[in-house]
Amino acid sequence: MSETTEYAETAPPVKGDAAPAAPEGRAPSPTTSSWRSRLYRWDIKASPYVFVAPFFLFFGAFGLFPLLYTGWASLHRLELTNLDDRTWLGLENYTNLLGSDYFWNALGNTFTIGVISTVPQLAIALGIAHLLNYKLRGSTLWRVAMLAPYATSVASASLVFTLLFAWDGGMVNWLIGSVGLDPVNWRESSWGSQFAVSSIVIWRWTGYNALIYLAAMQAVPHDLYESAALDGASRWQQFRHVTIPMLRPTILFTVVVSTIGATQLFGEPLLFGGTAGSKGGADHQFQTLGLYLYDQGWINGHLGRASAVAWLMLLILLLIAAVNLLIARRLRKDR
Amino acid sequence: MHTSSGRSRRLVAYTAVTALAASLLAACSSDDEGSAGGDGKITLNVGTFGVLGLKQAGLYEEYEKAHPNIRIKENVIERNDAYYPKLLTQLQSGAGVNDVAAVEVSNITEVVQTQGAKFEDLGKAEGVQKSAYLDWKWKQATTEDGKTIGLGVDIGPTALCYRKDLFAKAGLPTDREELAKEWAGDWDKYVAMGEKYMEKAPKGTKFVDSASSVYNAVFAGATERYYDKDGEEIYEQSQGRKDAWDAAMKVARGDMSAKLKQFDPTWDQGFANGKFATVACPAWMAGYIQEKTGPGGKGKWDMAKAPTDGNWGGTFLGVPSAGKHKKEATELAVWLTRPEQLAKVFAKQASFPSTPAVYDKLKPSPATKAYFSDAPITRIYAGIAENTPSAVYGVKDAQIGQSITDIGVLQVEQQGKSPEEGWEAAQKEIKDVLGQ
């Protein structure tokens, strides 16, 4: 089984051969001037870089520069009302944040909302992908339907969920009421609000992850299932002992992507909060780090402090990436 | 010719990449596009939030007809808490500014004190008559060195709108004069009326939409707000703040609020489904009530004077100096805020003009008049506007107000916390907001 997942380690293609149209066994004619052949060699060598250059150009302009500028801003007192006036603060913004209840609260919320949205989301996606992997009538239709929530905008999805979770007259409370339970104030209770926000995330991203899993499942060699079936494995056992191990790298990938998404969670809680949504509820009970950043920077106008939040978020992501790398290495060694 | 075709293919690819990059870069810098169209017309962008009513009253069309070379485009953002940060960003960067920009009264002091240099002086513009505007409105938009950066559009004299049909079902008086007399001068009497309402409240209804709206309505009449004359924060000891807080607490603790959050979709639904019997009713709210309650509410809503006279909300129009067509924009801003224009906005939207000269000529549209049970809308609002006490506005009024209503009041109203806990949370929030 190990050979099939070895692709990550396979050697890159032979150097200099990346350009698609190589001369096919045709010796250069002796009359060709040497500058032409040099130009040609240069062309082959340079073209891969030229092809990737646009990305790095744009990354430099819209990724790296803002990143560095934000880092520099985070060391100053910088107010939205006057960007020309900056006072050097050193690390004061950071120490203030680390001493602020609101920051730790936002970090905790980001973590809990991240867990209750990511774990069920990936589990459901795996199950759905498994079902879609069977021969189904109208499989394209099912797959497109799975992707539909991903294609809806955050704004419209959040608006619908806000109405579903409305305190008075919302459908969720109506359902709860029909089994005799008391209505829940979904927005202003702490677990209720986190659950509601997570449900928007789950609804939007489950189908997307399911399709990624499905693609990976279809790459699993069929004979593995056949031999498992011959050995008398049930469908559940096949799923458990063939599909999941074969999907491990894909699962790791989705976990990483979802974790990044969860750390940056912003639109859903903002819109779910409605008026003054950046506060994340009266007790900041669903204020994520992203909302806290926005609240500090654009509602309260403290751009320096908001920049510090952004950098702390980056550090947290780097930490997660490091942990992820360790796990991935451990997984590879185990095999 | 194999090689050369390969190369030319690559050449095509390079060209394509370059063209793509160029077009992307062009797209990034194209926010000035359309400011002067191909036909030589000038497009003026007007940045507003909510429903200002200028467009609804047909003023843009009228102006375009009189000035064939001008085209007007309104860029609306629904809520001011999203509009204002964007306005600041545009002013600070000087990019993408609207030619004419609206500013809400809760932000005007901050704009005057911190962005004054980034606006044109409309006080000196041709055709502006200072005497036409309410004195306090004029002063609010004037910097210390006498530069007027915004002309008043509307003000927010605050009455109380109530559902006559629900009042009748709860066995309360429905006559606007009688009600106004009953709660005159004291918000406690209004709260007491709420208690009486709740005793016999029609099923599924509450007395008010939210405790926050009561807070804002009471605060509208305050002489002392969050800052003193010298710009020092006094929100802790301010009498106006205390009175408003106490009234809001009585409402929040007394189970007479529908617990809705203003300007949320559920609040809109609350209007349509008749979930509450009263709502604080600044003039700009009258249009909102009609729109959200729908035709079914016609003749059910009525309007009475509130216990105290006050001002909640209102807007200014300014001309950012970074705009491309300052001259034309200034002319437009001046024209839009002329008394006769504002009277047209009132006739359409019931937003109340900041120019007292037209008060005795104001006529609400027959539809609005019928909607509010033929209440003397003009007389009520003009009376309130005349008696509104002058108050000191401060730099962070909007943010402090939001901390109190959306943190403090909401914690008590919806999370069952005690008023002391709510106030503590609000204070902590305010300190964070002010960066202390």
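Chains A and B, in that order, are what the protein sequence lines are.
Throughout the first sequence, residue numbering follows this note's numbering, covering 1 to 335 in sequence.
Throughout the second sequence, residue numbering follows this note's numbering, covering 1001 to 1436 in sequence.
For each residue, glycine too, the CB sits at the ideal point set by N, CA and C.
- Counting only Cβ-Cβ distances below 9 Å, Q1411/B has contacts in chain A at E188, A282, D283, in chain order.
- Chain B places a beta carbon closer than 8 Å to that of K279/A, counting this residue as a contact.
- At least 8 Å separates the CB of T70/A from every CB of chain B.
- Closer than 8 Å to the CB of A148/A there is not a single CB belonging to chain B.
- Taking 8 Å as the CB threshold, G1435/B lines the interface with chain A.
- When DSSP states are grouped into helix, strand and coil, K1261/B belongs to the coil group.
- The C-alpha of S1210/B is placed about 17 Å away from the C-alpha of R1241/B.
- In terms of beta-carbon proximity, P1085/B lines the interface with chain A, with at least one pair separated by less than 8 Å.
- Taking the C-beta atoms as reference points, D1121/B is found nearer than 8 Å to K1147/B.
- Neighbours of Y102/A across chain B, judged by C-beta separation under 8 Å: D1432.
- Rounded to the nearest angstrom, the gap between the Cα atoms of P1282/B and V257/A is 48 Å.
- One Cα belongs to V1076/B, the other to A1057/B, and the distance between them is close to 15 Å.
- Taking every protein chain shown into account, the CB of I200/A has 16 or more other CB atoms within 10 angstroms, so this residue is buried.
- In this structure the stretch 1398 to 1405 of chain B does not touch the stretch 1368 to 1375 of chain B; the number of beta carbon pairs closer than 8 Å is below three.
- Counting only Cβ-Cβ distances below 7 Å, A308/A has no contacts in chain B at all, with the closest Cβ about 13 Å away.
- In this chain, the beta strand (DSSP E) harbouring T87/A covers 82 to 88.
- Around the CB of P1068/B, fewer than 16 other CB atoms lie within 10 Å, so the residue is classed as exposed.
- Listed along chain A are L80, T81, each with a C-beta nearer than 7 Å to that of L1088/B.
- Per DSSP, reduced to three states, the secondary structure at G1156/B is strand.
- Assignment of D1228/B by DSSP, reduced to helix, strand and coil, places it in the coil class.
- Under DSSP, D1302/B takes part in a beta bridge, and its partners are Y1162/B.
- Three or more Cβ pairs closer than 8 Å define a contact, and the stretch 134 to 150 of chain A falls short of that threshold against the stretch 291 to 301 of chain A.
- DSSP links A1102/B through a beta bridge to L1317/B.
- Secondary structure note for I1149/B: it is in no alpha helix (DSSP H), with a DSSP letter that is neither H nor E.
- For F1263/B, the nearest CB of chain A lies under 8 Å from its own CB, placing it at the interface with that chain.
- Chain B places a beta carbon closer than 8 Å to that of A276/A, counting this residue as a contact.
- Residues of the stretch 1103 to 1125 of chain B with a Cβ closer than 9 Å to any Cβ of chain A, in chain order: E1110, V1111, Q1113, T1114, Q1115.
- Under the DSSP assignment, V1358/B falls outside any beta strand (DSSP E); it carries neither an H nor an E label.
- Between the stretch 1183 to 1200 of chain B and the stretch 1322 to 1334 of chain B there are fewer than three C-beta pairs closer than 8 Å, too few to call the two in contact.
- Interface criterion not met: the Cβ of N109/A is under 8 Å from no Cβ in chain B.
- DSSP lists T1158/B as the beta-bridge partner residues of P1282/B.
- G71/A carries a helical assignment under DSSP once its states are collapsed to helix, strand and coil.
- Contact between the stretch 148 to 167 of chain A and the stretch 109 to 128 of chain A is absent: fewer than 3 CB-CB pairs across the two stretches fall below 8 Å.
- The shortest CA-to-CA distance from A1217/B to any of T1355/B, K1344/B, T1405/B is the one to T1405/B.
- When secondary structure is reduced to three states using DSSP, W1312/B falls in the strand class.
- For T1048/B, the uninterrupted beta strand (DSSP E) segment begins and ends at 1042 to 1049.
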